[in-house]
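Using this note's numbering, the first residue of the sequence shown is number 29, and each one after it goes up by one. Glycine included, every Cβ here is placed at the ideal spot set by N, Cα and C.
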Amino acid sequence: MDFSTIRSLITRYCTGEENWVDSRTVYIGHKEPPSGTEAYIPQRFPDNRIISSKYTFWNFIPKNLFEQFRRIANFYFLIIFLVQLIIDTPTSPMTSGLPLFFVITVTAIKQGYEDWIRHKADNAINQCPVHAIQHGKVIRKQSQKLRVGDIVQVKEDETFPCDLILLSSSREDGTCFVTTASLDGESSHKTYYAVQDTKAFTTAEEFDTLHSTIECEQPQPDLYKYVGRINIYLDRDEPIARPLGSENLLLRGATLKNTEFIYAVAIYTGMESKMALNYQSKSQKRSAVEKSMNAYLIVYLCILISKALINTVLKYVWQADPNRDEPWYNQKTENERQRHVLIRAFTDFLAYMVLFNYIIPVSMYVTVEMQKFLGSYFIQWDDDMFDEEIGERPLVNTSDLNEELGQVEYVFTDKTGTLTENNMELKECCVDGHVYVPHAICNGQILPGAVGMDMDMIDSSPGVDGKEREELFFRALCLCHTVQVKEEETVDGIKRGIHQGKSTSSYISSSPDEVALVEGMQRLGFTYLRLKDSHMEILNREDEMERFELLEVLNFDSVRRRMSVIVRSSTGEYYMFCKGADSSIFPRVVSGKVEQVRARVEHNAVEGLRTLCVAYKKLSQVEYEDVCRLLNCAKLALQDRDKKLAEAYDVIEKDFILLGATAVEDRLQDKAADTIESLHKAGMKVWVLTGDKMETAAATCYASKLFHRSTQILELTTKRTEEQSLHDVLFDLSRTVLRQHGSMTRDTFSGLSGDCQDYGLIIDGATLSAILKPNQEGNRNGGNYKEIFLEICRNCSAVLCCRMAPLQKAQIVKMIKTSKEHPITLAIGDGANDVSMILEAHVGIGIMGKEGRQAARNSDYAITKFKHLKKMLLVHGHYYYIRIAELVQYFFYKNVCFIFPQFLYQFFCGFSQQPLYDTAYLTLYNISFTSLPILLYSLMEQHINMDILKRDPSLYRDIAKNSLLRWPTFIYWTFLGLFDATVFFFGAFFLFDNATFTSNGQLMATNTQMMFGNWTFGTLVFTVLVFTVTLKLALDTHYWTWINHFVIWGSLLFYVIFSLLWGGIIWPFLNYQRMYYVFMQMLSSGPAWLSIILLIIVSLLPDVLKKVFCRAMWPTTTEKIQNADKLYMGHLSEFTPLSSLHAPSARKHNRHGEQSQNHTHRRSDSSRPKKLMYAYLGGRRDYRTFSSFLRIGENPRFSGAAYAFTAPGPETSV
């Protein structure tokens, strides 16, 4: 598949290059046109395979190796390995080759496994069976074998396998109903139309006689645009040409509904389908931690080069004295001695590079890969994130981004199916001030507790006149809609439906609100039955059928924000019913109880309900004819048809009588509002990106607490830009949001401040396209629209983007991702329309929902409910980041401790490149002796109880912006390593200060009575090194389990046992054994034991003192929580309200003092001093401890439980 073509298509569309003349000709059924009509030019098109995987069997090895050697450490060790093979170096090539091979292999296996999972998912789709017509028969074939021009049969509830042009339908009028939830997020039913000249073809034999071609544009990613024509050849020379538009195009991923079957021809297949063109190409995502690792590696590489350069220069300075030339026992040949000095210097430089190369921790990458892979199972094993309803656990499609979950600054979420369940429910209706509350009905299902009751009336009976208005209101809602009725299957030869008095049918519509209203009317006694022969049938309370002839439908649009129908009753009266937003209905009414209804509408709006007003008027025969004339003139216009229709609607829709209003609730997912609130408290900004209408999306944002009632909404929509130029609108909004802040903007990570106005921005897709367009016309000041838009967004607490195409969602994410702050972004969605933004964001999360598994399959992580995002970020993300940050810093620290003594040793061995450590120690230091403790730490560490992390989202801010891997922290760890290495080396060196010969000719250190030699010296340094770095990790561990104890103390024991065996046995496979008896002889010296212990204490002491001092003087929020948890014996999360630790400063003076006098502080009696938590200090939150001055009496009811006493905060007692 040539992806350059797709990239070109996407680029053309994104830059607004729409005047594209390229086209394609498709021969339906692969039949040539009749001879003499037109030339037959067959074209090659791709097959119908969908590819979301990264590798193939053939390119896996070269492509994976290329990606792995892009890492600085891997490439560096490859060079070192080659150098060791080429020249004579102090260490064996295996010391670099084996670790590198192990890293590459482990990483390749992990990435290969993850891609194999993607291949399985692709195969499940590509091998899905479809029905196609071939030689007059319907055959089954795999989806991937479909070709452009194939005629396909699709049955009800099946998904379209590719982009199709509708030829015929099982419905007599040639229409079919489709849900496009996986494409644009709307689960409502849309109507599509067959070609008029082929809608009568209903069998495979008939289609075998069809000769036709389709001329259309080449594939492009706009879901809502299609231009083409079909040429149908009958028994005449000239074909019949019919236009084709988006109403004829069935998109891949959409689902056929309420239609038994359809026949359609494949027009775009595989990666050329519109949905595939909206996919972002898969790229290797790299976390912020990995970028920090690469930066640190560059620093250490510079240090390494500096060390090698210094030693090379000093070696030749040392050897400048003839008496200090290279000794004979180094066995240099005469040819080597006679080489040019530059060649010898360069060879020595490379040899030093090899000697010091262990400062670059290649094993760190192995440990990081293992930590990410094994750590990802903690998400999959989390029982709190298990969905019992569908029996699914979270999925981890890639483990490379675990720590990125703890760094998220922007969350981009879909609406339908992600924030909401997309289930509407009529909560109440108001008729002339009388309020009716039907029992909850959702998609035809009566909720528990509603059986046996028809309705509740909150007001007294409306009286006789009111009764007529009430029934007229119910009739209006049963007639003013575009709802379709789907009947159940035939049972015993009888088709059962709503009109049999059974709720065995379901309503479907392009708007879920309409379904909720019609279902609500059914509970209130008026049942909509069906539309048959242009007559709408309803069943009234007396079970009498009423028929109204549907004459005209004035469809809803987002500018008018209303819809109307004109019907004629069985008595010949003409009625015009209208429903719409209160702002579009109230100005057009001339009578009715406007004030009572307006008050109820405002009340329901405050409750977050979606409100609609209903009005009507009667028409005379003359008035109706005038209306028909106006509408027909507008509909027949070829120029400015939409504008003329809008003008006609404006004339017709006026002088109404107000009937009442309705209130509908869009049910949010469980705990969706709580999750968004927690994300805000954690410092994240939440954006909603949806293909839905602005009104629907805005109502959901209020219900989910993305927008609050105090939020000032700023609109940047097509409606406003039609009234003003885009330039003026942008600058008006910019002045508005910056007026209060001056030139200052909110910090990207600041919380919602109570001292300044909160702004919420609403933007639609068309306006966004204009903003992102490179050449902006009318920009008088030459400013950058994109920068102004970003400035507005930074000052808004929340942003809603509606009517977004899938590619526009990705553009929004990319725009924020590449802004000057470079924030970490997360995208979450559940449909195929969300795949682009999921792939574009730093972290992509798919929801395994009702809209298929496309999003879950292409995401980095998949969850079952939006509420699980809270724990995934605040708990798992927090832990992942803390663990890997410690892992990275610790690896650099322990490698500095390891190699710096080797550097110092060269000053005492004549710069002869003599290794300080034995080869076994060099090889096993990072692989065996010090690897398991840090690996286990990075898997198990919990510096704060997870219950506290969930209850206090603000703790997430403490790790924001990669705070634990900043340069000051890195420099501290580096200098700590240098200090410890200096202590190791010179501490051991002074122990060997004085040496004497023994009676048997051995050189002994008089201080320690150890054999004096470089291997004894190196072994002593190495022993102190291993114990110090391991105990350093033990001091950093907060969460101890038996596994930690086993691994930490076990690794030290393993080092001792290995050293005893390595030096205590004569191994036959070794040519020489320089470590024989060295370790045992060292341990036989009492002063050596004391020296080892003393050096370990001296090495660890500065870090311990620094931590104690900083905790006492400048404790972080995390350290305060840790102190509090220890104070309450690890039960802080169970017994202590977090409000006691985060009490707001506003209550400092008025409540804390009062309640401290009126309550009794109870704790279990103890002889030691008690401590209290104090949450207020200088007007900001703080955690302080002080000795208790209260003597508390023993109370057996509370023995053993710790209780904190402070003023109540935002969170109440647990």
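By the DSSP assignment, the alpha helix (DSSP H) with residue i in it spans what residues?
i, result
"G322", "With the sequence shown as reference, residue 322 is identified as Asn, and Gly is not the correct amino acid for it. A316 to W346 is the extent of the alpha helix (DSSP H) around N322."
"H896", "H896 to K899"
"T795", "G793 to L800"
"H163", "It is not in any alpha helix (DSSP H) - H163 carries neither H nor E in the DSSP assignment."
"A292", "No alpha helix (DSSP H) contains A292, which is instead part of the beta strand (DSSP E) from F289 to Y296."
"Q408", "Y405 to Q408"
"H708", "A700 to K709"
"E868", "V863 to E868"
"G1005", "W995 to L1019"
"T947", "T947 to L952"
Considering only residues of the same chain and omitting the five flanking positions on each side of residue i, which have a CB-CB separation below 6 Å?
i, result
"V255", "E245"
"A316", "Q435 and N990"
"K898", "T703 and S706"
"A838", "Q308, S864, M865 and E868"
Is residue i buried or exposed, if buried means 16 or more other CB atoms sit within 10 Å of its CB?
i, result
"Y535", "buried"
"D376", "buried"
"F1217", "Reliability fails at F1217, whose pLDDT of 33 lies under 50, so the model's placement of it is uncertain and the value that follows must be treated cautiously. Burial call: exposed."
"L1088", "exposed"
"T1047", "buried"
"C829", "buried"
"H462", "buried"
"W296", "Position check: residue 296 holds Tyr in this sequence, whereas Trp was assumed. Buried: at least 16 other Cβ atoms inside 10 Å."
Excluding the 5 residues flanking residue i on each side, which residues of the same chain have their C-beta closer than 7 Å to its C-beta?
i, result
"A676", "L658, L659 and A662"
"P476", "Confidence at P476 is low in this model, with a pLDDT of 43, below 50, so its placement is unreliable and the value that follows should be read with caution. Excluding sequence neighbours, P476 sits near nothing in its chain."
"D143", "S81, K82 and Y83"
Per DSSP, which residues does residue i bridge with? Please list them.
i, result
"E565", "R558 and R575"
"V716", "T441 and L828"
"T187", "T283"
"L192", "L278 and A294"
"C821", "Partner(s): none; C821 has no beta bridge."
"L789", "L742 and V827"
"E7", "Because residue 7 is not part of the residues shown, which for the chain are 29 to 1242, the question remains open."
"Q181", "H159 and Y291"
"W689", "In the sequence as presented, Trp is not what sits at residue 689; that position holds Ala. Answer is C458 and C641, bridged to A689."
"L113", "For L113, which the question treats as bridged, DSSP gives no partner whatsoever."
Let's see if you can read the secondary structure: which residues bound the beta strand (DSSP E) around residue i?
i, result
"L1123", "That residue, L1123, is in no beta strand (DSSP E); its alpha helix (DSSP H) goes G1114 to M1141."
"F205", "T203 to T208"
"K593", "In the sequence on display, residue 593 carries Val and not Lys. Run containing V593: R590 to R596, per the beta strand (DSSP E) assignment."
"N259", "G256 to Y261"
"K607", "Y602 to G608"
"V1057", "First-last for V1057: N1042 to D1064, but that is the alpha helix (DSSP H), not the beta strand (DSSP E)."
"I852", "First-last for I852: undefined, no H or E at that position."
"V617", "V617 to S619"
"P271", "I268 to L272"
"A643", "R638 to L647"
"Q512", "Q512 to K514"
Excluding the five sequence neighbours on either side, which residues of its own chain have a C-beta within less than 8 Å of the C-beta of residue i, listed in chain order?
i, result
"R314", "D428"
"K514", "K285, N286, S533, S534, Y535 and I536"
"I115", "T375, L378 and A379"
*asked:* For the pair the segment 910 to 919 and the segment 435 to 453, tell me if three or more CB-CB distances fall below 8 Å.
replied: Too few Cβ pairs lie closer than 8 Å, so no.
*Are at least three pairs of beta-carbons, each pair with one atom in the segment 195 to 211 and one in the segment 224 to 242, less than 8 Å apart?*
yes
*Would the segment 682 to 699 and the segment 945 to 961 be scored as touching if the rule is three or more Cβ pairs under 8 Å?*
Contact between the segment 682 to 699 and the segment 945 to 961 is absent, because fewer than three Cβ pairs lie under 8 Å.
*asked:* Would the segment 891 to 907 count as touching the segment 921 to 934 if we require 3 or more Cβ pairs under 8 Å?
replied: no
*contact_flag[the segment 297 to 306, the segment 848 to 866] where n(CB pairs < 8 Å) is 3 or more*: yes
*Say whether the segment 908 to 915 touches the segment 393 to 407, bearing in mind that this needs 3 or more beta-carbon pairs closer than 8 Å, one atom from each stretch.*
yes
*Touching or not, the segment 158 to 167 and the segment 92 to 108, by the rule of three or more beta carbon pairs under 8 Å?*
Counting Cβ pairs under 8 Å, fewer than three are found: no touch.
*Can we say the segment 737 to 744 touches the segment 784 to 801, given the rule of at least three CB pairs closer than 8 Å?*
yes
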